[in-house]
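Each remark here refers to the structure printed beneath this line.
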Amino acid sequence: MIPVDAARPRQYGPLLGVAQYRPRDGKEGLMPWDMSVCKWGVPADFTDDDALAAVKAADFTKSVFVNTSAKERKTRQAYTYVTVKGYRLCVVGHLHQQPDGSNPGSGNCFIPGWENWDVKTASDVVAVIAKLPDGGTWLDDERYPHPAV
1 MIPVDAARPR QYGPLLGVAQ YRPRDGKEGL MPWDMSVCKW GVPADFTDDD ALAAVKAADF
61 TKSVFVNTSA KERKTRQAYT YVTVKGYRLC VVGHLHQQPD GSNPGSGNCF IPGWENWDVK
121 TASDVVAVIA KLPDGGTWLD DERYPHPAV
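The structure is reproduced here in structure tokens:
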């Protein structure tokens, strides 16, 4: 674990490939944790490979919050937690569907606070999220990394 003020930028990984523009400071470089929201610290030496492993380990049958977009009902999100390197991370699974809930398809999975990274939602995860009822309590700041207890 590293303190909030000592977070390191990302390292190159197979999903990152090239330097990207950082919208916060206008520079080109690797995308770090967004420390303006990751107030409780972040896992040390976290990489895109760790993010991918967290997404693969996420059990969306244990989602703590699930919602369908209110306006067009075409987007669903499910939020669950995994523990990585001593931190509880939220993983969000996202899918797209018809307004009646039919024909669900992949959106993206991501980790709140891990900037400019996502991966296509796997078809088995889409199937799980599509069957979940909306519910739970909005996570607010609980979406961001917290030390695991």
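Counting from 1, position 20 in the sequence shown corresponds to residue 20 in full-length UniProt numbering; the numbering is continuous, with no gaps.
Glycine is no exception: its CB is placed at the ideal position from the N, C-alpha and C atoms.
Coil, strand or helix - residue i by DSSP
| i | result |
| --- | --- |
| H80 | One detail in the question is off: residue 80 reads as Thr in this sequence, not His. The answer is strand: DSSP assigns T80 an E or B state. |
| F60 | helix |
| R143 | helix |
Cβ-based neighbour list, residue i, same chain, cut-off 7 angstroms, excluding 5 preceding and 5 following
| i | result |
| --- | --- |
| D65 | Before going on, a small fix: residue 65 reads as Phe here, not Asp. Excluding residues within five positions, the ones whose Cβ falls inside 7 angstroms are Y79, G136, T137, W138 and L139. |
| K147 | For the sequence presented, residue 147 should be read as Pro rather than Lys. Result list for P147: M1, W40, G41, G86 and Y87, in chain order. |
| A54 | V82, V84, L89, V91 and I111 |
Sequence-distant residues of the same chain with beta carbon closer than 6 angstroms to residue i, five excluded per side
| i | result |
| --- | --- |
| Q11 | In this prediction, Q11 has a pLDDT of 41, which is less than 50 and means its spatial position is unreliable; nothing more can be read from the coordinates. |
| A58 | T80, V82 and V91 |
Distance between beta carbons of residue j and residue i, contact taken as under 8 angstroms
| i | j | result |
| --- | --- | --- |
| N108 | D124 | Between D124 and N108 the Cβ distance is about 15 angstroms, and since that is not below 8 angstroms, they are no contact. |
| V128 | T75 | Actually they do not touch by this definition, with Cβ atoms about 16 angstroms apart. |
Neighbour-count burial assignment, residue i, 16 or more Cβ in a 10 Å radius
| i | result |
| --- | --- |
| T121 | buried |
| K56 | exposed |
| A70 | exposed |
| V149 | exposed |
| P133 | exposed |
| S102 | exposed |
Own chain residues within Cβ distance below 8 angstroms of residue i, not counting five before or after
| i | result |
| --- | --- |
| Q98 | K74 |
C-beta neighbour in chain C for residue i, strict 7 angstroms
| i | result |
| --- | --- |
| W138 | Absent from the structure is chain C; it holds one protein chain and no more. |
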